[in-house]
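In what follows, a single structure is set out as structure tokens and then discussed.
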Amino acid sequence: MSNLVISLAEARLIVLEAQGFGLLPQSERLQTTLLNETTSVLGGIQIDSVNVVVRSHYMPLFSRLGLYPMSWLDENTYRERLLFEYWGHEASLLPTSLYPLFRHRMEAARPNRRVAHLLQSEPHYVESILREIQDRGPLIVSQLNDPGKRTGPWWGYSNGKVALEWLFATGRVAVAGRQNFTRSYDLAERVIPSRFLNAPTPSPEAAVRELLRISAKALGVGTARDIADYYRIHPKDAEKPLSELEEGGQLVKVAVAGWKEAAFMHPSATGIVKGNTTALLSPFDSLIWKRDRTERLFGFRYRIEIYVPRAARQFGYYVLPFLMDGQLVARVDLKANRQESILMVQSAHIEKGQHPGLVIRELAPQLDTMARWLELSKVTVGTIGNLSSALHLAVRKTNP
Numbered sequence: 015m016s017n018l019v020i021s022l023a024e025a026r027l028i029v030l031e032a033q034g035f036g037l038l039p040q041s042e043r044l045q046t047t048l049l050n051e052t053t054s055v056l057g058g059i060q061i062d063s064v065n066v067v068v069r070s071h072y073m074p075l076f077s078r079l080g081l082y083p084m085s086w087l088d089e090n091t092y093r094e095r096l097l098f099e100y101w102g103h104e105a106s107l108l109p110t111s112l113y114p115l116f117r118h119r120m121e122a123a124r125p126n127r128r129v130a131h132l133l134q135s136e137p138h139y140v141e142s143i144l145r146e147i148q149d150r151g152p153l154i155v156s157q158l159n160d161p162g163k164r165t166g167p168w169w170g171y172s173n174g175k176v177a178l179e180w181l182f183a184t185g186r187v188a189v190a191g192r193q194n195f196t197r198s199y200d201l202a203e204r205v206i207p208s209r210f211l212n213a214p215t216p217s218p219e220a221a222v223r224e225l226l227r228i229s230a231k232a233l234g235v236g237t238a239r240d241i242a243d244y245y246r247i248h249p250k251d252a253e254k255p256l257s258e259l260e261e262g263g264q265l266v267k268v269a270v271a272g273w274k275e276a277a278f279m280h281p282s283a284t285g286i287v288k289g290n291t292t293a294l295l296s297p298f299d300s301l302i303w304k305r306d307r308t309e310r311l312f313g314f315r316y317r318i319e320i321y322v323p324r325a326a327r328q329f330g331y332y333v334l335p336f337l338m339d340g341q342l343v344a345r346v347d348l349k350a351n352r353q354e355s356i357l358m359v360q361s362a363h364i365e366k367g368q369h370p371g372l373v374i375r376e377l378a379p380q381l382d383t384m385a386r387w388l389e390l391s392k393v394t395v396g397t398i399g400n401l402s403s404a405l406h407l408a409v410r411k412t413n414p
């Protein structure tokens, strides 16, 4: 156990700094360099298909920087190739400079049951798909000459999808773009810039160690399990490289008050957050990826309830935590009604011990800013939740 002890409040500030909050004072004009810096700081942005408010990968930059053009993220991924899609924490947008660090995953990929069945039942099919992409260029599943049939209404993969995802997992193809959120695949050498594609491949051990170093920097401070989880590295595989990083002075072992496990802190962490730390968070924001860590840091128990039956939901279908002055103080169930151009607050709940007036004073403008970012005309508030009545009154003043 380290002799260095930091308080929970200090840990929160270190984490918020590391996660890119406070990079932009509210008076500062948004610049492309700041968008690039933020994506680099995060080390990955999770992708999810749910589109109740907005696709989740657009949200983390909004949470940290406010109004920014969503087209920037698409252009930097699919045109400039500064980001690429692969399996990071989950399906993620990752800085393309990290591409060599993920080759060991591509080389170590093992076929799941669906892939194994396809390789056995149609041994030449996957290679035929690869040749088709080579000849025809980027393709979505439905454009394949023989995409096969789906095995279910939306959850079942066709043979074409199974083959493409296997080629993607093994690094032979990459995501060239998206059409209505559907992946378009092309040969990796036609997607990944040559300086990254042809960069030397580190050993698996070196790659894991570097990914853990990046994870620790992105988290600021975290337990070994926290750091390993950032890129879904098995905790056992993280033990030795984390010790090596500590011995090399690239991590500092600390104790966080109230945490049962020892933690590691990145030596660049200062805990000085210069700008605003008030934001609505996507359910898939890297600040709250690990739910038990979120509870340890913020005293905030968060579960996404999309797959929970309506009657059993505690807070709502698509609930966004609200970060205010470095603490998670409320949660709102949001829906973008695009037909009527309304951002709907379907429920609003305040955390125990928080002052409703102070929370609403910060939350109402954030909702208004989000509506403008989404190009929606107004915000409405429903009747569910212990914060809804007061929030309704505050929102009505700005959205008559």
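For what it's worth, our numbering labels the leading residue of the sequence shown as 15, then goes sequentially.
We put the beta carbon where it would ideally sit given N, CA and C, even for glycine.
Report task. Give the DSSP-derived three-state secondary structure of ASN173 in the structure shown. Result -> Helix at ASN173.
Report task. Quick one: using the 10 Å Cβ neighbour count with 16 as the cut-off for buried, is LYS416 buried or exposed? Result -> Limits of the chain in this structure are 15 at one end and 414 at the other, which puts residue 416 out of reach.
Query - In chain order, each beta strand (DSSP E) run of at least 3 residues that lies wholly inside the stretch 73 to 149 - result: Within the stretch 73 to 149, the complete beta strand (DSSP E) runs of at least 3 residues are 97 to 101 and 105 to 109.
Query raised in the report: How would you call PRO109, buried or exposed, if buried means at least 16 neighbouring beta carbons within 10 angstroms?
Result: Buried, since its Cβ has 16 or more Cβ neighbours within 10 Å.
Requested in this report: Using 10 angstroms around the beta-carbon of GLN40, count the other beta-carbons present and answer buried if the total reaches 16, otherwise exposed.
Outcome: Because GLN40 sits at a pLDDT of 49, beneath the cut-off of 50, its placement in the model cannot be relied upon, and the point is left open.
**Report entry** C-alpha gap between ILE228 and GLU354, whole angstroms
**Finding:** Their backbone Cα atoms lie some 43 Å apart in a straight line.
Report task. For ASP160, count neighbouring Cβ atoms within 10 angstroms of its own Cβ and tell me buried if that reaches 16, exposed if not. Result -> ASP160 is classed as exposed because its beta carbon has fewer than 16 other beta carbons within 10 Å across all chains shown.
Query raised in the report: Run through DSSP, which three-state label would LYS392 get?
Result: Strand.
Requested in this report: Could you spell out the range, first to last residue, of the beta strand (DSSP E) harbouring PHE415?
Outcome: Outside the modelled stretch of the chain, which goes from 15 to 414, sits residue 415, for which no answer is possible.
Report task. Under 7 Å Cβ to Cβ from SER111, same chain only, skipping five residues before and after it: list those, please. Result -> Excluding positions up to five away in sequence, the list reads PHE210.
Requested in this report: Compare the Cα-Cα distances from LEU75 to each of PHE329, ASP299 and ARG375 and report the closest residue.
Outcome: Looking at the Cα atoms, ASP299 is the closest of the given residues.
Query raised in the report: For GLY34, which residues of its own chain have a beta-carbon under 7 Å away from its beta-carbon, when the five flanking residues on both sides are left out?
Result: In the same chain as GLY34, and ignoring 5 residues on each side of it, the C-beta atoms closer than 7 Å to its own belong to THR52, VAL55, LEU56 and ARG78, in chain order.
Query - Of the residues ILE147, LEU348, GLY191 and GLY396, the one placed nearest ARG380, counting alpha carbons only - result: The sequence shown places Gln at residue 380, rather than the Arg named in the question. Taking only the C-alpha atoms, the option nearest GLN380 is LEU348.
Requested in this report: Output the residue ranges of the alpha helix (DSSP H) runs that lie fully inside the stretch 262 to 316 and measure 4 residues or longer, sorted by chain position.
Outcome: Those alpha helix (DSSP H) runs which fall completely within the stretch 262 to 316 and span 4+ residues are 305 to 312.
Query raised in the report: Measuring CB to CB, does GLY330 end up less than 8 Å from MET279?
Result: The criterion of a C-beta distance shorter than 8 Å is not satisfied by GLY330 and MET279.
**Report entry** Rounded C-alpha distance that separates ALA252 from GLN134
**Finding:** Using only the alpha carbons, I get a separation of about 34 Å.
Report task. Tell me where the beta strand (DSSP E) around VAL187 begins and ends. Result -> Taken as a continuous stretch (DSSP letters only), the beta strand (DSSP E) holding VAL187 covers 187 to 193.
Requested in this report: Could you pull the start and end residues of the beta strand (DSSP E) that TYR199 belongs to?
Outcome: Segment 196 to 201, the beta strand (DSSP E) holding TYR199.
Requested in this report: Inspect the CB distances between the stretch 262 to 273 and the stretch 321 to 341 and report whether three or more fall short of 8 Å.
Outcome: Taking 8 Å as the limit for Cβ pairs, the verdict is that the stretch 321 to 341 does not touch the stretch 262 to 273.
Requested in this report: Could you tell me if THR5 is buried or exposed, where buried requires 16 or more neighbouring beta carbons within 10 angstroms of its beta carbon?
Outcome: Outside the shown range of the chain, which is 15 to 414, sits residue 5, and nothing can be said about it.
Report task. Determine the contact status of ALA385 and VAL393, defining contact as a CB-CB distance below 8 Å. Result -> Yes, the Cβ-Cβ distance between ALA385 and VAL393 is below 8 Å.
Query raised in the report: Under the three-state reduction of DSSP, which class applies to ASP347: helix, strand or coil?
Result: Strand, per DSSP.
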